[in-house]
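Asks:
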Amino acid sequence: METILEVNNVIKQFGGFTALSEVSLHVNKGERLGLIGPNGSGKTTLINCISGAFTNYQGSIRFDGGDISLLKAHERTKRGIARSFQIPRPFSSMTVMENLLVPFAFVGGKDGPEQQKEAMAILQGMGLADKAFVQSNQLSQVELRKMELARAMAAKPKLLISDEAMAGLAGTEVDEVLDILFDLNKRGITIIMIEHIMQAVMKFSQRVVCLDAGKIICEGTPETIVKNPEVQRAYLGD
Amino acid sequence: MKFATYSSLLLLGLLGLSVMGGVNEYVFFAGFVVLQFVVLATAWNILGGYAGYVNFGVPAFIAVGAYTAVVLFKSISAPLLVQILGGGVLAGALGLGVGLLTLKLRGIFFSIATVAVVFILETIVNNWRYVGGATGLQLTRPADLWFFDSYVRMLFFVMAVLAVMSVAIARYVQDSFLGRGLRAVRDSEEAAECSGVPTLKIKLIACTVSGALMGIAGAPMPMYLSYIEPSSTFNLSYSIYALGMPIIGGTSHWIGPVIGAVLLATLQQIVTVTVSNELNVLIVGVLLVLFVVIAPEGILGLIKKWKQSSK
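Sequence lines, in order, name chains A and B.
Just so it is clear: in the first sequence, position 112 is 112 by our numbering, and no numbers are missing.
Just so it is clear: in the second sequence, position 207 is 445 by our numbering, and no numbers are missing.
1. R421 (chain B) by DSSP, collapsed to three states: which one?
2. Measure the beta-carbon distance from I240 (chain A) to I61 (chain A) and round it to whole angstroms, keeping in mind my assumption that it falls under 8 Å.
3. Taking 8 Å as the limit between beta carbons, can you name the residues of its chain near N28 (chain A), skipping five residues before and five after?
4. Classify D130 (chain A): buried if its beta carbon has 16 or more other beta carbons within 10 angstroms, exposed otherwise.
5. Identify each residue in the stretch 84-102 of chain A for which the Cβ-Cβ distance to at least one residue of chain B is less than 8 Å, and report them in chain order.
6. I need the straight-line Cα distance from P88 (chain A) to E427 (chain B), nearest angstrom please.
7. Find out if the Cβ-Cβ distance for the pair D64 (chain A), K158 (chain A) is shorter than 8 Å.
8. Kindly indicate which residue of B:E467, B:I497, B:Y264 and B:V390 has the alpha-carbon position closest to the one of G370 (chain B).
9. How about the stretch 448-457 of chain B and the stretch 339-347 of chain B: do they share at least three Cβ pairs that are nearer than 8 Å?
10. What are the partner residues of T190 (chain A), as DSSP defines its beta bridges?
11. Within 8 Å (strictly less), CB to CB, does F54 (chain A) reach chain B?
12. Is the distance from the Cβ of Y536 (chain B) to the Cβ of I485 (chain B) below 8 Å?
13. CB-CB under 8 Å to V530 (chain B), same chain, minus the five flanking residues each way: which ones, in chain order?
14. Give me whichever residues DSSP pairs with R83 (chain A) in a beta bridge.
15. Using a threshold of 8 Å, state whether the C-beta atoms of I521 (chain B) and L538 (chain B) are closer than that.
16. On the three-state DSSP scale, how would you describe Q206 (chain A)?
17. By Cβ distance, which residues of its chain are closer than 6 Å to K72 (chain A), with the 5 residues on each side in sequence left out?
18. Reducing DSSP to helix, strand and coil, say where E6 (chain A) ends up.
19. At a CB distance below 9 Å, what residues from the stretch 376-405 of chain B approach chain A? Give them in sequence order.
20. Whose Cβ in chain B lies nearer than 9 Å to the Cβ of F14 (chain A)?
21. If distances are taken between C-alpha atoms only, which option among B:I362, B:V336, B:A304 and B:L339 comes closest to G325 (chain B)?
22. Alpha carbon to alpha carbon, how far is A165 (chain A) from Q86 (chain A)? Give it in angstroms, no decimals.
23. Classify I508 (chain B) as buried or exposed, calling it buried when 16 or more other Cβ atoms lie within 10 Å of its own Cβ.
24. Could you check which residue in A:S69, A:R32, A:G30 and A:T224 has the C-alpha nearest to that of K12 (chain A)?
25. Report yes or no: do the stretch 228-238 of chain A and the stretch 346-361 of chain B share at least 3 C-beta pairs separated by less than 8 Å?
26. Can you tell me which of the three DSSP states H74 (chain A) falls into?
27. To the nearest angstrom, report how far apart K312 (chain B) and L248 (chain B) are at their CA atoms.
28. Is the number of C-beta pairs between the stretch 437-448 of chain B and the stretch 114-134 of chain A that are closer than 8 Å three or more?
29. If we require 4 or more residues per run, which alpha helix (DSSP H) segments fall completely within the stretch 269-316 of chain B?
30. Say the cut is 7 Å; is the CB of V527 (chain B) nearer than that to a heavy atom of the ligand HEM?
31. Answer yes or no: do S41 (chain A) and D212 (chain A) have a C-beta to C-beta separation smaller than 8 Å?
Set out below in structure tokens:
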């Protein structure tokens, strides 16, 4: 199987604190990867290194055949890495449609009527079409989460990183977002899902990687992960 | 197209006014200041309003424009338009330089850094003999008046052209990719980067354009006053005016700073003549507080609300 993302020995330190120590990870094209770990284990730090929010780390990251370690976040977006944020970061002065037109303009280079149609199609797929011309600061929590994913999609990614897109959502809303992610994956997009809601991760992922204290402690199918004693120790203590 | 038509008509009108006899000279003297504030407020809004980066260093850019003009005039007797062009180029370069050094800072830290630029440049000018140092320099206006009756009338018209040009640039920036990107930066810089917006690059462009326009506004000042000295040129009140006017007018659209500048600067000029020179600073201060508390989106926000409620 073809590898789309390769993280090699990435070390990220904040002052004296080592958030990631020699993390290596690979993701296959079209894969659904779950990334779990207790709070503070370095999941979001790892995502920030992959998406380019941090560029001052040691080690290397390769994406789609090229080394992207030194690229800035916006350049990585253009290469095909998109993400949603743990705490939604809408462009709150803009409508939902305008939010999507930002990546259309800066990644695709156009934001005309054709792109608006495309954006509308994305919104339709996420059940947000009726909110297209609502200002984004009027959205509910679940709508914001969906808009984040829609905006990420507007960048036409090859890899989508969903950073706790379901945090704080109710049961049926979790299923809605999960359906959206399944649907995107079916269309060929590789997805890394960071999530605390275990049943969502277990249902979604083909492979799960567990981080603890900046190290990958194990990886495997969802079934083997839940039975792994190290994972149980990381989450529940000795 | 509409914009081009209206602004040409406006300029023609102002040209007519400035060559017309019988109009009090003071109208042009005061009008110059109002138009200058249109340029400053518009320039400030490109970085401050669209991108949300509050530049407190406005006088530094004005002064670079003004002192460049002085140097060009004193050394090679450069004509007015060359002075303005030179002032704009150098102030734009200052914008780029300051941007490179400070645009990685966010929020209040960026603002503080821009204030520092004012003090650094003022200290340099205070100790620079060639441009008069701290005591200032008297300048004799050249006799070239084109077809105007007085130098002030000519400067008034030149500033009107510069104002229309600045507004046209701000309008272009707002409607272009750049404007969309700057708005994204203001709302969330992280999300902008991850949507493919080269945030540092567009902030630098905005800072350079904004700085250049402020320099252009400052360049005709020495000729306007026939005099230049540092303490009034580097006056931090310019920062308050240049940010107060867009905030009062509304920062989200290019017309906001124009409305704010025309209203406030006119009011200031009237108060200066009829009441006192000191009071005009207070007016901007009081209005700024009122608007920030009651109508944070400025006059434009009020109009929008009024339109929505009357629907």
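Each residue gets a CB set at the ideal place from its N, CA and C atoms; glycine is no exception.
If you're wondering where the values come from, they're calculated on a predicted model, not measured in any experiment.
Replies: In short, the structure shows the following:
1. Walking along the second sequence from the start, residue 421 (chain B) turns up at place 183. R421 (chain B): helix per DSSP, three-state reduction.
2. In the structure displayed, chain A extends from 1 to 238; residue 240 (chain A) sits before or after that span and is not available.
3. What you label residue 28 (chain A) is simply residue 28 of the first sequence in a count that begins at 1. Hits under 8 Å: M1, E2, T3, I4 and T190.
4. Locating residue 130 (chain A) in the first sequence gives position 130, where the first residue counts as 1. Counting Cβ neighbours within 10 Å, D130 (chain A) comes out exposed, since fewer than 16 surround it.
5. F85, R89, P90, F91, S92, S93, M94, E98, L101 and V102
6. Within the first sequence, the letter at position 88 stands for residue 88 (chain A). Within the second sequence, the letter at position 189 stands for residue 427 (chain B). Answer to the nearest angstrom: the Cα atoms are 13 Å apart.
7. Working through the first sequence from its first residue, we reach residue 64 (chain A) at position 64. Working through the first sequence from its first residue, we reach residue 158 (chain A) at position 158. Contact: yes.
8. Against the second sequence, residue 370 (chain B) aligns to sequence position 132. Comparing Cα positions, the closest option is B:E467.
9. In short, these stretches do not touch, since the Cβ pair count stays below three.
10. Here the question's residue 190 (chain A) lines up with position 190 in the first sequence. DSSP output for T190 (chain A) lists A:L159 as bridge partner(s).
11. Within the first sequence, numbered from 1, the residue matching residue 54 (chain A) stands at position 54. No, F54 (chain A) does not count as interfacial toward chain B.
12. Counted from its first residue, the second sequence places residue 536 (chain B) at position 298. Counted from its first residue, the second sequence places residue 485 (chain B) at position 247. For clarity, residue 536 (chain B) is Gly in the given sequence; the question names Tyr instead. In contact: G536 (chain B) and I485 (chain B) (Cβ atoms closer than 8 Å).
13. Translated into positions along the second sequence, residue 530 (chain B) becomes position 292. Only I485 meet the Cβ criterion.
14. Here the question's residue 83 (chain A) lines up with position 83 in the first sequence. In DSSP, R83 (chain A) forms a bridge with A:I161.
15. Walking along the second sequence from the start, residue 521 (chain B) turns up at place 283. Walking along the second sequence from the start, residue 538 (chain B) turns up at place 300. No, Cβ-Cβ distance for I521 (chain B) and L538 (chain B) is not below 8 Å.
16. Walking along the first sequence from the start, residue 206 (chain A) turns up at place 206. The answer is coil: DSSP assigns Q206 (chain A) none of H, G, I, E or B.
17. Here residue 72 (chain A) is taken as the residue at index 72 of the first sequence, counted from 1. Excluding positions up to five away in sequence, the list reads G52.
18. Along the first sequence, read from residue 1 onward, the residue named residue 6 (chain A) stands at position 6. E6 (chain A): strand per DSSP, three-state reduction.
19. none
20. Start at 1 with the first residue of the first sequence, and residue 14 (chain A) comes out as number 14. Going along chain B, no residue has its Cβ under 9 Å from F14 (chain A), so there is no contact; the nearest lies around 17 Å.
21. Stepping through the second sequence from its first residue, residue 325 (chain B) is reached at position 87. Residue B:A304 is the option with its Cα nearest to G325 (chain B).
22. Stepping through the first sequence from its first residue, residue 86 (chain A) is reached at position 86. Stepping through the first sequence from its first residue, residue 165 (chain A) is reached at position 165. Straight-line Cα distance between these residues: approximately 6 Å.
23. If you number the second sequence from 1, residue 508 (chain B) lands on position 270. By the 10 Å Cβ count, I508 (chain B) comes out exposed.
24. Residue 12 (chain A) sits at position 12 when you count from the first residue of the first sequence. Residue nearest to K12 (chain A) within the set A:S69, A:R32, A:G30 and A:T224 is A:S69 (criterion: CA-CA distance).
25. no
26. As a working mapping, residue 74 (chain A) is identified with position 74 in the first sequence. DSSP places H74 (chain A) in helix when its eight states are reduced to three.
27. On the second sequence, residue 312 (chain B) is found 74 positions in, with the first residue counted as 1. On the second sequence, residue 248 (chain B) is found 10 positions in, with the first residue counted as 1. Straight-line Cα distance between these residues: approximately 34 Å.
28. no
29. For the stretch 269-316 of chain B, whole alpha helix (DSSP H) runs of length 4 or above, ordered along the chain, are 296-314.
30. No copy of the ligand HEM appears in this structure; indeed no ligand is present at all.
31. Your numbering for residue 41 (chain A) matches position 41 in the first sequence. Your numbering for residue 212 (chain A) matches position 212 in the first sequence. Yes, these two residues count as a Cβ contact at 8 Å.
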